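Participant:
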Amino acid sequence: MTDPIATTVLKATGLHRTYRLGRVEVPVLRGVDLEVKEGEWLCVLGASGSGKSTLLHQLGDLDRPDRGAIAWRGRDLSDMRRRERETYRNRAVGFVFQSYHLMPELNVLENVMVASMVGHDPFAWRSMRSEAAHRAEELLDAFGLGHRFSHRPAELSGGERQRVAIARALVNGPDVVLADEPTGNLDVKTGEGILEVLTERHRLGLSIVMVTHDANIAARADRVVKMVDGAVVEDAQVAPEATH
Amino acid sequence: MYALLLAFRYLRTRLIPLVAIGAVALCVALVVVVVSIMSGFLHQMEQAGKTMIGDVVVTNGLRGLPDPEGFVAYLEENESIAAATPVVDTFATIRMPYDEVRGVQVWGIDPESFDEVTGFAQTLHWTPEGVGTDWSESDFRRDLPPELLERLANEGRAMARVEGDGTIRPGICLGLEISIANKRNKEGTYEPMNRWFMPNQEPIVLTTIPPDTISTTPEPVSIAFAPVNEFSSGLVLIDKERVFVPLAEARRMTNMTAAEEVDEEGVPTGNIFPARASKILVRGNGQTEQEVRDEVDAAYRDWAKQQGHPIRPLILRVQTWRENQASFLQPVENERELMRTLFSLVYLVCAGLVLAIFHAIVTEKTRDIGVLRALGATRPGIAMIFVQYGFVIGVLGAILGVLLGWGVVHNISLINQAIGDPPMAAVFVLGVVGVLGVWRFASGFRSGFLAPRVLGAALMVVGFGVGAAIWYVKANGLSRVIWDPAVYYFAEPPNRMDWWTALTTAIGAVIFSVVGAVFPAARAADVDPVEALRHD
Ligand SMILES: Nc1ncnc2c1ncn2[C@@H]1O[C@H](COP(=O)(O)OP(=O)(O)OP(=O)(O)O)[C@@H](O)[C@H]1O
Ligand SMILES: [Mg+2]
Chain A
1 MTDPIATTVL KATGLHRTYR LGRVEVPVLR GVDLEVKEGE WLCVLGASGS
51 GKSTLLHQLG DLDRPDRGAI AWRGRDLSDM RRRERETYRN RAVGFVFQSY
101 HLMPELNVLE NVMVASMVGH DPFAWRSMRS EAAHRAEELL DAFGLGHRFS
151 HRPAELSGGE RQRVAIARAL VNGPDVVLAD EPTGNLDVKT GEGILEVLTE
201 RHRLGLSIVM VTHDANIAAR ADRVVKMVDG AVVEDAQVAP EATH
Chain B
245 MYALLLAFRY LRTRLIPLVA IGAVALCVAL VVVVVSIMSG FLHQMEQAGK
295 TMIGDVVVTN GLRGLPDPEG FVAYLEENES IAAATPVVDT FATIRMPYDE
345 VRGVQVWGID PESFDEVTGF AQTLHWTPEG VGTDWSESDF RRDLPPELLE
395 RLANEGRAMA RVEGDGTIRP GICLGLEISI ANKRNKEGTY EPMNRWFMPN
445 QEPIVLTTIP PDTISTTPEP VSIAFAPVNE FSSGLVLIDK ERVFVPLAEA
495 RRMTNMTAAE EVDEEGVPTG NIFPARASKI LVRGNGQTEQ EVRDEVDAAY
545 RDWAKQQGHP IRPLILRVQT WRENQASFLQ PVENERELMR TLFSLVYLVC
595 AGLVLAIFHA IVTEKTRDIG VLRALGATRP GIAMIFVQYG FVIGVLGAIL
645 GVLLGWGVVH NISLINQAIG DPPMAAVFVL GVVGVLGVWR FASGFRSGFL
695 APRVLGAALM VVGFGVGAAI WYVKANGLSR VIWDPAVYYF AEPPNRMDWW
745 TALTTAIGAV IFSVVGAVFP AARAADVDPV EALRHD
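Chains A and B supply the protein sequences, listed in that same order.
Here the first sequence stands for residues 1 to 244, where the numbers follow the working numbering.
Here the second sequence stands for residues 245 to 780, where the numbers follow the working numbering.
1. First and last residue of the beta strand (DSSP E) that includes phenylalanine 335 of chain B?
2. Provide the residue span of the beta strand (DSSP E) that contains asparagine 185 of chain A, from first to last.
3. Is there at least one Cβ from chain D nearer than 8 Å to glutamate 105 of chain A's Cβ?
4. Counting contacts by CB-CB distance shorter than 8 Å, is serine 130 of chain A in contact with chain B?
5. In three-state DSSP terms, what is lysine 484 of chain B?
6. The beta strand (DSSP E) spanning leucine 694 of chain B covers which residue range?
7. Around the Cβ of glycine 614 of chain B, are there at least 16 other Cβ atoms within 10 angstroms (buried) or fewer (exposed)?
8. Counting only Cβ pairs nearer than 7 Å, list the residues of chain B close to phenylalanine 97 of chain A.
9. Closer than 6 Å between the C-beta and any heavy atom of ligand 2: which residues qualify, listed along the chain?
10. Identify every residue that forms a DSSP beta bridge with valine 177 of chain A.
11. Could you name the residues of the same chain whose beta carbon sits closer than 8 Å to that of leucine 286 of chain B, not counting the 5 residues immediately before and after it, in chain order?
12. Closest to proline 764 of chain B by CA distance: which of B:Glu381, B:Ala713, B:Thr295 and B:Ala595 is it?
13. I'd like the span of the beta strand (DSSP E) that includes leucine 225 of chain B, first residue to last.
14. With DSSP run on the structure shown, which of helix, strand or coil describes phenylalanine 143 of chain A?
15. For glutamine 445 of chain B, which residues of its own chain have a beta-carbon under 6 Å away from its beta-carbon, when the five flanking residues on both sides are left out?
16. Quick one: residues in its chain with C-beta nearer than 7 Å to the C-beta of glutamine 349 of chain B, no 5 flanking neighbours on either side, listed in chain order?
17. Can you pull the DSSP bridge partners for isoleucine 524 of chain B?
18. Is glutamate 775 of chain B near ligand 1, going by C-beta to nearest heavy atom under 7 Å?
19. Whether or not the region 381–396 of chain B and the region 364–372 of chain B are in contact is what I'm after, with contact meaning three or more pairs of Cβ atoms, one per stretch, closer than 8 Å; do they touch?
20. Is arginine 148 of chain A helix, strand or coil by DSSP?
21. Measure the C-alpha to C-alpha separation of asparagine 322 of chain B and tyrosine 544 of chain B and round it to an integer number of angstroms.
22. So, is the C-beta of aspartate 63 of chain A closer than 8 Å to a C-beta in chain B?
23. Whose CA, out of B:Val278, B:Leu450 and B:Phe630, lies closest to the CA of phenylalanine 602 of chain B?
24. Select from B:Ile659, B:Thr257 and B:Ser280 the residue whose C-alpha is nearest the C-alpha of tryptophan 743 of chain B.
25. If you run the structure through DSSP and keep just helix, strand and coil, what is proline 68 of chain A?
26. Is valine 225 of chain A close to ligand 1? I mean its beta-carbon at under 7 Å from any heavy atom of the ligand.
27. Quick check: the Cα distance between valine 540 of chain B and glutamine 551 of chain B, rounded to an integer number of angstroms?
28. Shortest alpha-carbon distance to serine 357 of chain B belongs to which of B:Ile659, B:Ala317, B:Val268 and B:Cys271?
29. Anyone know if the C-beta pair for phenylalanine 252 of chain B and valine 754 of chain B falls short of 8 Å?
30. What residue from A:Ala47, A:Ser157 and A:Ala221 has the CA that sits closest to threonine 190 of chain A's CA?
31. What are the residues of the region 614–636 of chain B that lie near chain A, defined by any Cβ-Cβ distance shorter than 8 Å?
32. Write down every uninterrupted run of the alpha helix (DSSP H) in the region 102–131 of chain A whose length is 4 residues or greater and which is fully enclosed by it, in chain order.
33. I think alanine 69 of chain A touches aspartate 63 of chain A, with their Cβ atoms under 8 Å apart; what is that distance to the nearest whole Å?
34. Tell me, please, whether the CB atom of proline 667 of chain B is closer than 8 Å to any CB atom in chain A?
35. Could you give the DSSP three-state label for methionine 442 of chain B: helix, strand or coil?
36. Is serine 48 of chain A close to ligand 1? I mean its beta-carbon at under 7 Å from any heavy atom of the ligand.
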């Protein structure tokens with residue numbers, strides 16, 4: 001599905017990350033190379049504790065590698081100034097977490113809009129507020145939440161919460177969505193709904209990096225890689241049958 | 245923008261921040277009430293002090309000022325002077341009709357000009373003015389015939405009484421607190437024991453020994469005065485100690501009358517020493533006290549030079565009333581400043597409260613902070629959530645506190661009464677609270693939950709306990725008014741709001757709430773997003 005000569009959006013080279021617990025060192029990433037092309041859906045498979053979330057955090061600039069580099073559209077994150085990195089987190093990538101991580105005090109619409117608020121100072125926000133609200137409403141409408149703007153997250157089901165979280169990840173129009181087991185907390189049928197939503201966006205050109213340990217889900221991706229021993233192994237042949 | 249949104253949302257969905265606002269409000273209200281009442285107290289004292297003294301006081305030691313009438317006339321030509329009056333003061337013993345002798349401060353005055361300077365006539369007590377308006381129900385003056393009051397008012401203003409045989413006797417006007425027969429009641433009005441109604445008494449004798457530089461054995465002087473009226477300056481300190489008599493009599497008591505110089509053989513030399521006065525009181529025409537003082541000072545120097553009266557620079561004093569009363573006003577003022585300083589501690593309370601509460605909130609909100617960081621929020625942005633949150637709490641607390649303080653200060657009389665003698669309604673309300681407690685307790689017992697039982701027990705203790713205590717106090721007539729006008733200087737507790745203090749305290753509370761928020765805010769900013777998000 002992906003054009004082999006499509007531009008590379010996100011590229012990780014030789015990522016190393018070691019956690020230190022007292023005197024014990026836990027090397028989690030040991031030379032990860034990864035490339036995400038424009039419009040590509042990439043799945044990262046791997047056992048629990050293999051470092052999938054750690055990798056995703058690195059890609060989303062929530063954590064920095066001990067060694068190695070991450071480049072966004074050819075520009076090295078470590079070369080960016082702080083403001084640029086914040087803009088990168090705000091606009092270039094969108095995070096979706098396994099347990100949604102919505103803010104309980106905000107209603108559905110605000111939970112989505114908060115992502116655009118974060119990216120603008122109060123003065124800029126004033127002039128673009130209605131535009132942001134419009135975009136948030138549009139996304140929520142598309143996800144079947146058009147009538148629940150003023151509800152609190154606590155009043156929604158898991159699937160609905162995850163759709164709000166996806167809307168939040170998308171509201172600033174990122175190039176890549178980084179999704180960490182977005183269906184991990186959901187039953188199969190609800191999970192299907194979430195994947196449907198993502199597939200829809202993928203068709204419109206969104207790149208997705210999704211972490212999962214479910215091979216069935218991985219089957220929907222354009223490309224599947226595996227985390228083994230702190231490194232990424234190309235494993236495009238993985239078929240749903242093979243993992244069972 | 246998200247910072248403010250979240251600040252407000254955290255405020256709305258949580259109980260502790262409301263507690264913080266309440267605590268800040270209470271702190272602010274406390275300072276505002278205490279300082280306002282002390283300022284009001286000071287203001288009342290100043291007003292009272294000023295009533296009896298005018299704007300500026302000229303003194304010249306024990307010797308007094310020569311020819312005060314001359315200087316007064318000279319002063320009154322000056323545009324910026326409204327009125328001036330000479331006063332002779334001394335100490336004397338007074339024989340009260342109930343056979344007691346005590347010391348008093350005697351002021352000899354010219355009633356007319358003294359009234360122009362100090363508003364003395366307004367302080368006379370036995371006058372018909374204020375019938376039915378200012379007087380409370382139990383005021384003794386209601387029982388007196390208006391003709392009598394009219395007569396006493398006139399005699400008080402003239403400081404003299406025409407006796408039955410046509411002779412004119414000099415009058416004395418006593419401070420209302422001098423006679424032990426004048427009892428101040430709870431409304432702050434006076435009730436003389438009927439037999440000792442002062443203006444009905446026989447002439448009252450003042451005795452003093454005039455200072456004498458010539459003869460070796462000083463002769464006491466005794467003068468009998470008709471008790472024409474009594475005055476109340478609004479300041480018990482003055483009302484307890486002072487009597488007014490005509491200027492001429494006071495001069496006789498102090499040897500300040502005009503005198504002719506004699507040589508060694510006792511033959512007049514033709515040199516006349518003019519009569520003297522202890523002080524001259526001056527009221528200006530609306531300028532500041534300092535301006536009037538400087539004006540009077542210059543005028544006195546000119547006049548004395550012109551008349552050939554020597555000036556002794558170390559002894560001659562021209563002071564504003566405030567300078568003159570400093571020894572009496574300063575302690576209260578110092579006390580107020582001390583209070584203000586001590587109560588600045590409430591700022592630390594504000595800061596500490598906000599700090600503790602925000603620390604808890606940051607810990608609780610770690611995950612949200614991680615999410616915001618993942619969404620691209622900067623560290624200062626995260627910190628701003630909590631700083632603005634602290635600001636909002638400070639502002640709301642300060643506004644509430646000032647309003648509360650204003651409510652208390654404004655209704656201090658009512659509150660004073662209610663505390664001293666709680667209305668039966670309070671007992672009823674507390675009873676209802678107690679019953680509510682029983683109900684909560686019972687429901688807790690049924691459901692097996694502990695919290696409603698604890699709450700119920702607390703409500704029962706407060707409701708029934710305090711209610712019963714109040715009821716007991718009332719039933720046994722033990723209630724007493726806190727601000728008892730029979731005891732205090734002033735009939736009414738001061739109810740003037742000190743807006744300057746309110747403003748500074750409010751600003752202080754806001755600043756310190758923000759200061760309290762800064763440390764938790766910095767901690768929030770440093771939250772590691774990965775760590776925060778790992779905890780599901
Ligand atoms: N802050 C940390 N301190 C110490 N060790 C950590 C830290 N974060 C992650 N690790 C360790 O790194 C390893 C990889 O963690 P990571 O969360 O990336 O695994 P994962 O592949 O996402 O697992 P799962 O599928 O269970 O989510 C784990 O062994 C974990 O214990
Ligand atoms: Mg994980």
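Beta carbons are placed, not taken as given, at the ideal position from N, Cα and C, and that holds for glycine.
For clarity, every value in this text was computed on a predicted model and none was experimentally measured.
Facilitator: Taking the definition as stated:
1. Counting along the chain, the unbroken beta strand (DSSP E) around phenylalanine 335 of chain B starts and ends at 325–340.
2. Note, asparagine 185 of chain A: premise wrong, no beta strand (DSSP E); not H, not E.
3. The chain inventory of the structure shown lacks chain D, comprising the protein chains A and B.
4. No, serine 130 of chain A lies away from the interface with chain B (no Cβ there is under 8 Å from its Cβ).
5. Coil at lysine 484 of chain B, not helix or strand.
6. Counting along the chain, leucine 694 of chain B falls outside any beta strand (DSSP E), and DSSP gives it neither H nor E.
7. Glycine 614 of chain B is buried by the Cβ-count criterion.
8. By Cβ distance, chain B contributes Leu777.
9. In chain order, the hits are A:Lys52, A:Ser53 and A:Asp180.
10. Per DSSP, A:Gly94 and A:Ile208.
11. Within the same chain, leucine 286 of chain B has close Cβ partners Leu573, Val576, Glu577 and Arg580.
12. For proline 764 of chain B, the closest alpha carbon among the candidates B:Glu381, B:Ala713, B:Thr295 and B:Ala595 is that of B:Ala595.
13. In the structure as shown, chain B begins at 245 and stops at 780. Residue 225 of chain B is therefore absent and cannot be evaluated.
14. It is coil, neither helix nor strand.
15. The answer, listed in chain order, is Pro341 and Pro471.
16. Non-local beta-carbon contacts of glutamine 349 of chain B in its own chain, meaning distances under 7 Å to residues more than five positions away in sequence, involve Asp333, Phe335, Glu485 and Arg486 in chain order.
17. Per DSSP, the beta bridge partners of isoleucine 524 of chain B are B:Val302 and B:Pro330.
18. A distance criterion of 7 Å places the beta-carbon of glutamate 775 of chain B in contact range of ligand 1, judged by its closest non-hydrogen atom.
19. Contact between the region 364–372 of chain B and the region 381–396 of chain B is present: 3 or more CB-CB pairs across the two stretches fall below 8 Å.
20. Reduced to three states, the DSSP call for arginine 148 of chain A is coil.
21. The alpha-carbon separation between asparagine 322 of chain B and tyrosine 544 of chain B amounts to approximately 12 Å.
22. Aspartate 63 of chain A counts as touching chain B.
23. Distances from the CA of phenylalanine 602 of chain B to each of B:Val278, B:Leu450 and B:Phe630 were compared; the closest alpha carbon is that of B:Phe630.
24. Among B:Ile659, B:Thr257 and B:Ser280, the Cα nearest to that of tryptophan 743 of chain B is on B:Ser280.
25. Inspection of the sequence shows that residue 68 of chain A is occupied by glycine rather than by proline. Glycine 68 of chain A sits in a strand when the DSSP states are folded into three classes.
26. Checking the Cβ of valine 225 of chain A against ligand 1 gives no.
27. The straight-line gap separating the alpha-carbon atoms of valine 540 of chain B and glutamine 551 of chain B is approximately 16 Å.
28. When only C-alpha atoms are compared, the closest one is B:Ala317.
29. It is not a contact, given that the beta carbons lie outside the stated cut-off.
30. Closest in C-alpha terms to threonine 190 of chain A, from the list A:Ala47, A:Ser157 and A:Ala221, comes A:Ser157.
31. Taking 8 Å as the Cβ-Cβ cut-off against chain A, the residues of the region 614–636 of chain B that qualify are Gly614, Val615, Leu616, Arg617, Ala618, Leu619, Gly620, Ala621, Thr622 and Gly625.
32. Those alpha helix (DSSP H) runs which fall completely within the region 102–131 of chain A and span 4+ residues are 108–118.
33. That belief does not hold up - the Cβ atoms of alanine 69 of chain A and aspartate 63 of chain A are roughly 14 Å apart, past 8 Å.
34. Not closer than 8 Å to any Cβ of chain A, the Cβ of proline 667 of chain B fails to qualify, so no.
35. The answer is helix: DSSP assigns methionine 442 of chain B an H, G or I state.
36. Result yes, Cβ under 7 Å from ligand 1.
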